[in-house]
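Trainee:
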Amino acid sequence: MAKDECKPKKATKRQKPKRQIEIVRAPGAFPISTTARARKRGREATVERNEEPQTNSGRPSKLLDWDDTAKEIRAYGATAFVGKQKRNYQDEEYLKLTGRQKKKPQTPLPILRGIKKAAAKREAKERQEAREAGIVLPKASKDTEKADSTYKLYGPAPNIGFMKGGVFRVHDKKAR
Numbered sequence: 000m001a002k003d004e005c006k007p008k009k010a011t012k013r014q015k016p017k018r019q020i021e022i023v024r025a026p027g028a029f030p031i032s033t034t035a036r037a038r039k040r041g042r043e044a045t046v047e048r049n050e051e052p053q054t055n056s057g058r059p060s061k062l063l064d065w066d067d068t069a070k071e072i073r074a075y076g077a078t079a080f081v082g083k084q085k086r087n088y089q090d091e092e093y094l095k096l097t098g099r100q101k102k103k104p105q106t107p108l109p110i111l112r113g114i115k116k117a118a119a120k121r122e123a124k125e126r127q128e129a130r131e132a133g134i135v136l137p138k139a140s141k142d143t144e145k146a147d148s149t150y151k152l153y154g155p156a157p158n159i160g161f162m163k164g165g166v167f168r169v170h171d172k173k174a175r
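Number 162 in numbering that gives the first Met the number 0 belongs to position 163 of the sequence shown; there are no gaps in the numbering.
1. Could you spell out the range, first to last residue, of the alpha helix (DSSP H) harbouring Phe126?
2. Whose C-alpha, out of Gln105, Ala77 and Gln14, is nearest the C-alpha of Lys92?
3. Can you give the Cα-Cα distance for Ile114 and Thr149, rounded to whole angstroms?
4. Assign Arg168 to one of three DSSP states: helix, strand, or coil.
5. In the DSSP assignment, what are the bridge partners of Phe161?
6. Return helix, strand or coil for Gln84, following the three-state DSSP convention.
7. Tell me where the alpha helix (DSSP H) around Arg24 begins and ends.
8. Consult DSSP for Gly76 and reduce its assignment to one of helix, strand or coil.
9. Out of curiosity, what's the CA-to-CA distance linking Ser140 and Ile110?
10. What is the DSSP secondary structure of Lys17, counted as helix, strand or coil?
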């Protein structure tokens with residue numbers, strides 16, 4: 000009876016024909032496996048930088064790390080940058096190292112006002128030229144004042160005086 004139990008039972012269903020599986024072997028430098036390998040500990044884990052990986056033939060092979068190579072090429076190319084391009088590259092490097100944006104130098108207020116005034120002039124000129132050419136443009140958006148946002152946040156405020164040190168002060172002329 001023991002012999003009968005060991006024999007495999009025949010399947011009653013019709014079996015599908017087996018498909019051929021093609022086996023692909025990858026070279027050692029490009030492993031297909033995405034699973035993490037267990038890390039070696041002790042002396043085996045410390046590999047000297049001078050030691051080069053060896054191929055199956057026993058000769059050392061020079062393998063390139065593509066990420067490092069690309070970074071080195073970009074850094075070498077960045078030595079030719081000038082002006083704004085150079086500053087942008089330096090800001091990018093600073094962001095990579097520190098994780099935060101580099102502070103931009105502050106522009107003096109009179110210069111900033113001049114820049115904004117010139118930009119407004121240019122925009123007005125462009126709108127005028129477009130109108131003359133017959134192009135229909137949307138209405139210019141009005142700049143919202145800070146007072147509007149303050150009103151929305153804190154509600155109406157009396158306009159005859161001002162607060163100073165927690166005391167509401169009223170001008171003599173407006174009080175009458």
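Note that the Cβ used here is the ideal one computed from N, Cα and C, for glycine as well.
From a predicted model like this one, the values you see are computed outputs, not experimental measurements.
Mentor: Based on what the coordinates show:
1. One detail in the question is off: residue 126 reads as Arg in this sequence, not Phe. That run of the alpha helix (DSSP H) goes Leu108 to Ala132.
2. Inspection of the sequence shows that residue 92 is occupied by Glu rather than by Lys. The residue with the shortest Cα to Cα distance from Glu92 is Ala77.
3. Answer to the nearest angstrom: the Cα atoms are 27 Å apart.
4. In this structure, Arg168 counts as strand in the three-state DSSP scheme.
5. When beta bridges are read from the DSSP output, Phe161 appears opposite Arg168.
6. Note: Gln84 maps to helix in three-state DSSP.
7. Neither: Arg24 is in no alpha helix (DSSP H) and is coded neither H nor E.
8. Gly76 falls in the helix class under three-state DSSP.
9. Taking the straight line from one Cα to the other gives about 24 Å.
10. In this structure, Lys17 counts as coil in the three-state DSSP scheme.
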